[in-house]
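Position 160, counted from 1, in the sequence shown is what our numbering calls 223; the numbers after and before it change by one each time, with no gaps. A short worksheet on the structure shown next.
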Amino acid sequence: MRMTTTFGINQIVSHGFGVFLFAALVPLMQESIAISHWYLATIGALTQLSYLGGAMLLGLIGHRIDSGRLVLITGAISSALLLIMATLNDPMLVLLTLIGLAASAAISWGAIVELITRYAHPSFCSTSLSSASSGTAWGYGLNGLLILLVVPLLGWRSGWVLAGILGYMALILTFFLLQHLKQRDVSSASETKHALPARQLFYIIATERTAFFACLICLMVGFATMPFATWLNTYLAELSLPAALGGYTWTMSGITGMAAGFLSGKLADKKGHGTALLIIFGGFALGQLALIYDPASFAIFAGFGYGLMYFPMWGIIAGWVKQHYSSTATMQINGIGMVTFGLGGALGNLLAGFIRELTGSLEGVYWIIAADALLLLGVAAYIYLTERPKDGSNPFNDFTQGAPG
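What follows is the structure in structure tokens.
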């Protein structure tokens, strides 16, 4: 529990604050910094590329650096950059700082995956991973509290200061946790020798079932969730629905994500990863179908499905991959999965923009998202039906922990 909580706090800092706090504070920051819509679009594109670059770098060379050291380095960088954001007035410096935060967040999560899969008990691995990954949802909630309680009194800069302070608190907790973990009887050298060379990494992803489906799911999730999040408020406004509906929808997503991490991870550990994926993707698909049927009545339910799936999905997928690969190889495959997620998100947003420009409406976008959600449900059903039995027999020729490449 201590490890899961500490790494969950790291997720609050790296993703909740480092990736999403700017979007929450930008309306207030525009009062003192010249931030145009074109500038916001540039930030969105460049931070996405930076996140992809960090994930790709982690997948290719992350195994050569101690994961604990990576978590500490990225935590220190993120905390410093959060504090620096409170002092900036130049839009270009804001952009560069956000680029650094995005890359740091990607590397931090990949290193956390390696540490949890190495040190967590196998019976609770997915619970720990999905609970830690849901730290992002807690970050969503804290962002909302900052905007409601702190920023109105002390200004937008106070939000960045408090985020940076929490970052350094997380850094201290992480340092002591890593000291504790080092005392365990675990051979890090044994894990390192199971790292995959770059060529073999891509070969395994292209040819082996678990690695292929893990990256395919990340691609499909990115294709659905990124345009869903980017365009939801615009779609609701297009339908002349109250602006508060979007706020309630995102609040529901955050609350659901906070609880879904532990519960879905527990389900994956007890009943199998196929079962957990089937339930979370089923909830997401139902939410999307309900949204296109009646947005006014079911937008909040769609937010529930989004939170149920998006936040714990990363931990469940990483736990599933860990059943077949070493901790270091899991980190590498997870890094490539983050890259495919970003590519899917970029493709989804580009397609959404094209449809909006062509038709003047976003209704077709949400039909496509619903179709993608149904395909995800189909993939989950296939995994559920073909998942390795509990007795350990495996009809598929995966690169297992005991078979270094």
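Think of the CB as a built atom: it goes at the ideal place given N, C-alpha and C, for glycine as much as any other residue.
8 angstroms Cβ cutoff met for MET66 and TYR182: Yes, Cβ-Cβ distance for MET66 and TYR182 is below 8 angstroms.
- [ ] In angstroms with no decimal places, state the Cα-to-Cα distance between LEU192 and LEU330.
- [x] The alpha-carbon of LEU192 is positioned some 12 angstroms away from that of LEU330.
Considering only their Cβ atoms, is the gap separating ALA118 from GLY173 smaller than 8 angstroms? The answer is yes: Cβ separation under 8 angstroms.
Worksheet entry | CA-to-CA distance, ALA261 to LEU123, given in whole angstroms | 6 angstroms
Quiz item: Leaving out the 5 sequence neighbours to the left and right, which residues in its chain are closer than 8 angstroms to THR255 when beta-carbon positions are compared?
Solution: Any reading at THR255 is ruled out, since the residue's pLDDT is 46, under 50, leaving its predicted position unreliable.
Using CA atoms only, rank isn't needed, just tell me which of SER189, TRP219, LEU205 is closest to GLU94.
TRP219
Is the CB of PHE70 under 8 angstroms away from at least one CB in chain B?
No chain B is part of this structure, which consists of one protein chain only.
Local Cβ density within 10 Å of ILE432, reported as buried at 16 or more and exposed below that:
Around the C-beta of ILE432, 16 or more other C-beta atoms lie within 10 Å, and the residue is accordingly described as buried.
Open item on the list: Using a Cβ distance threshold of 8 angstroms, determine whether the segment 141-159 contacts the segment 213-227, with at least three qualifying pairs required.
Closed with: yes
Q.
Quick check: ASN73 and ALA200, are their CB atoms within less than 8 angstroms of each other?
A. no
Exercise. Do three or more CB pairs link the segment 360-377 to the segment 280-296 at distances below 8 angstroms?
Worked result: Output reads yes: the segment 280-296 touches the segment 360-377.
Query raised in the report: How many whole angstroms separate the CB atoms of LEU308 and ALA362, which I take to be in contact at a CB cut-off of 8 angstroms?
Result: 5 angstroms
Could you round the C-beta distance between SER70 and ILE175 to whole angstroms and report it? I think they count as a contact, below 8 angstroms. Rather than Ser, the amino acid found at residue 70 in this sequence is Phe. Right, their Cβ atoms sit about 5 angstroms apart.
Checklist entry - Going straight from the alpha carbon of VAL402 to that of ALA108, what length do you get? => result 14 angstroms
Starting from PHE361, follow the alpha helix (DSSP H) in both directions and report where the run begins and ends. 358-385
message = Can you tell me where the alpha helix (DSSP H) holding GLU301 begins and where it ends?
response = 272-301
Measure the C-alpha to C-alpha separation of TRP101 and ALA359 and round it to an integer number of angstroms. 30 angstroms
Nearest residue (CA-CA) to LEU159, options THR110, THR180, ASP129: THR110
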